[in-house]
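Using the working numbering, the letters of the sequence shown map in sequence onto residues 28 to 176. We put the CB at the ideal spot given by N, CA and C, even for glycine.
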Amino acid sequence: MGAIKFSEIIEIKSSAAIVFDYTQNYETRLNWDTFLKQADLIDGAVAAGKGVKAYCVAKNGMGMVTEYVTFNRPKVTAIKMTEGPYLFKAFAGSWTFKELNEDTTEVMFVYSYQLQFPFNLIGPLVKMNLRNNVRQRLKDLKVNIEEAL
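Structure (structure tokens):
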């Protein structure tokens, strides 16, 4: 089975730089990221950036080590899985921040992944679950940033 890919978009009333910085700050990540119960930079990293690795654990208990492959503040950041839960053969994600005007930013999450057998047999269910989680994360991000202003 090939890669499964989807994207979700939301508009947030804030500049791209503020939204980018807020999303990539691991000290405050759990304030808005309701999908995760743990989010840490690893290997001595103190800030996100290209080549930096992070360890995140979802509320369902599945953990994943990712590495930043792109970090272009305030426009885009992308990660790839280096170690992950048994259901994924591969996983990558990107966040794009498009400033629509000085106080509105379009945020787009794109996920691309491959499932291991036998999880590929329930591919549509996995995609629906991930997509719902991404939608909720974006809504929570929007609320957290807009309420802070």
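Smallest Cα separation from Lys80: which of Thr132, Val134, Asp60, Gly111? What you label residue 80 is simply residue 53 of the sequence shown in a count that begins at 1. Minimum Cα-Cα distance from Lys80 among the listed residues Thr132, Val134, Asp60, Gly111 corresponds to Gly111.
Whole angstroms is fine: what's the gap from Asp192's alpha carbon to Trp59's? Examination of residue 192 is not possible in this model, given that the chain is present from 28 through 176 alone.
Does DSSP put Glu133 in a helix, in a strand, or in coil? The residue labelled residue 133 in the question sits at position 106 within the sequence shown. In the structure shown, Glu133 sits in a strand (DSSP, three-state: E or B).
At least three beta-carbon pairs within less than 8 Å, the region 99-119 to the region 127-147: In this structure the region 99-119 touches the region 127-147; the number of beta carbon pairs closer than 8 Å is three or more.
Can you tell me whether Val46 sits near the ligand MN, meaning its C-beta is under 7 Å from at least one heavy atom of the ligand? Absence of the ligand MN is noted for the structure shown, with no ligands found whatsoever.
Buried versus exposed call for Lys169 [16 or more other C-beta atoms within 10 Å across all chains shown]: On the sequence shown, residue 169 is found 142 positions in, with the first residue counted as 1. When all chains shown are included, Lys169 counts as buried.
Using the DSSP secondary-structure output, state which residues sit across from Gln65 in a beta bridge. Along the sequence shown, read from residue 1 onward, the residue named residue 65 stands at position 38. Checking the DSSP bridge columns, you'll see Gln65 partnered with Val84.
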